[in-house]
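Structure first, commentary second.
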Amino acid sequence: MVRCVLPRKELGKTVIDDSIDLHQFSKEHPEIQPGGWWKPRDCKARSRVAFVIPFRDRWKTLRVLLPQLHLVLQRQKIHYRIFLSEQSGNETFNKGRIMNAAFLESQKIFSFDCVTFHDADLIPENDRNLYVCPYMPRHMSVLVSTLNYTGFYNLLIGGVLEMNISHFRDVNGYSNEYWGWGGEDDDIAFRIENSGYHFIRPPREVGRYFMVEHKKAYRNPQR
Ligand code: UDP
Ligand code: MN
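The sequence shown begins at 23 in the working numbering and counts up one residue at a time.
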């Protein structure tokens, strides 16, 4: 089978709609397999990507993200599977732990080429922001609507981060020690640099995301 050709232009538009019913969406998209995976049938996908979405109590943002993410990835002809990693109970949120846990579970299911850690509230706006596996860790969410699409700081790699499996293993994943809000993203930035890797980013006009409104999480005292 021929390898898939990557789209060079935008093939569709994302919509911001939190009234989409996820059960209805899954009925309308029987091509999405149970467990939330899909692969192109007419060509051989260039990348097999596990998506990890850390989650608790953010149904509104998830209803916007999931349909759009499925459609974008299918337009990009990515072989993907989406893992929703939900923290149960009411204890302090620990994003690093649930992302690490989902990564380990994903490894038992399929031999993915890379993994994308994806906030539940960031909606990719540009089809040309390709989720194909990167040769170096790639920070995808360069500009975000709530920050008026301006860059924040150079080491910022939170939001959407895609890494090869071997790189993620090399840096020993995320820290398990950041409770509450934030920190784990800056920490993995240092892990990546200390392991001799560097980040790459898509061009600013491509790496654009819309952030769905949500209430602010409690700040982590470390910050
Ligand atoms: N998150 C969640 N529930 C929470 C807090 C965080 O699901 O109560 C997840 C969700 O994927 C979210 C991400 O962690 O997009 C980052 O948290 P948040 O959006 O609050 O941080 P921000 O980057 O907006 O400050
Ligand atoms: Mn957010």
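Every residue gets a Cβ at the ideal spot worked out from N, C-alpha and C, and that includes glycine.
None of these values were measured; they are calculated from a predicted model.
Under 7 Å from any heavy atom of the ligand MN, does the C-beta of His161 make it?
As a first step, residue 161 is located in the sequence shown; it is residue number 139 there, counting from the start. No; taking the cut-off as 7 Å, the Cβ of His161 has no heavy atom of the ligand MN nearer than that.
Going by the C-beta, is Gly58 closer than 7 Å to any heavy atom of the ligand UDP?
As a position in the sequence shown, residue 58 is number 36, starting the count at 1. Checking the 7 Å criterion, the Cβ of Gly58 is out of range of every heavy atom belonging to the ligand UDP.
Mind checking whether the beta-carbon of Met233 lies closer than 7 Å to any heavy atom of the ligand MN?
On the sequence shown, position 211 is the one that residue 233 refers to. Yes, the Cβ of Met233 comes within 7 Å of a heavy atom of the ligand MN.
Does the distance between the C-beta of His140 and the nearest non-hydrogen atom of the ligand MN fall short of 7 Å?
Indexing the sequence shown from 1 puts residue 140 at position 118. No, Cβ of His140 sits at least 7 Å from all heavy atoms of the ligand MN.
Beta-carbon proximity check, Phe73 vs Ser107, cutoff 8 Å:
Position 51 of the sequence shown, counting from 1, holds the residue named residue 73. Position 85 of the sequence shown, counting from 1, holds the residue named residue 107. In terms of Cβ geometry, Phe73 and Ser107 do not form a close pair [threshold 8 Å].
Pull up the CB-CB distance for Val234 and Ile214, whole angstroms please, since I reckon it's below 8 Å.
In the sequence shown, residue 234 corresponds to position 212, counting from 1. In the sequence shown, residue 214 corresponds to position 192, counting from 1. Their Cβ separation, rounded to whole angstroms, is 27 Å, which puts Val234 and Ile214 out of contact at 8 Å.
Out of curiosity, what's the CA-to-CA distance linking Lys307 and Asn148?
Outside the shown range of the chain (23 to 245) lies residue 307, about which nothing can therefore be said.
Looking at the unbroken alpha helix (DSSP H) that takes in Ala124, where does it start and where does it end?
Within the sequence shown, residue 124 is the residue found at index 102, counting from 1. Note, Ala124: alpha helix (DSSP H), Lys117 to Ile131.
Residue from Val27, Trp201, Met162 and Lys31 whose Cα sits closest to the Cα of Phe139
Along the sequence shown, read from residue 1 onward, the residue named residue 139 stands at position 117. For Phe139, the closest alpha carbon among the candidates Val27, Trp201, Met162 and Lys31 is that of Met162.
Nearest-angstrom Cα separation, counted from Pro89 out to Phe47
Counting from 1 along the sequence shown, the entry for residue 47 is found at position 25. Counting from 1 along the sequence shown, the entry for residue 89 is found at position 67. Between the C-alpha atoms of Phe47 and Pro89 there is a straight-line separation of about 7 Å.
Are Ile187 and Phe134 close, meaning C-beta to C-beta below 8 Å?
Taking the first residue of the sequence shown as 1, we reach residue 187 at position 165. Taking the first residue of the sequence shown as 1, we reach residue 134 at position 112. In terms of Cβ geometry, Ile187 and Phe134 form a close pair [threshold 8 Å].
Beta-carbon spacing of Gly205, Asn122 below 8 Å:
Translated into positions along the sequence shown, residue 205 becomes position 183. Translated into positions along the sequence shown, residue 122 becomes position 100. It is not a contact, given that the beta carbons lie outside the stated cut-off.
Going by DSSP, what residues sit across from Thr138 in a beta bridge?
Taking the sequence shown and counting its residues from 1, one reaches residue 138 at position 116. Thr138 pairs with Phe73 and Glu184.
Quick one: does the C-beta of Gly34 sit closer than 7 Å to a heavy atom of the ligand UDP?
Your numbering for residue 34 matches position 12 in the sequence shown. No; taking the cut-off as 7 Å, the Cβ of Gly34 has no heavy atom of the ligand UDP nearer than that.
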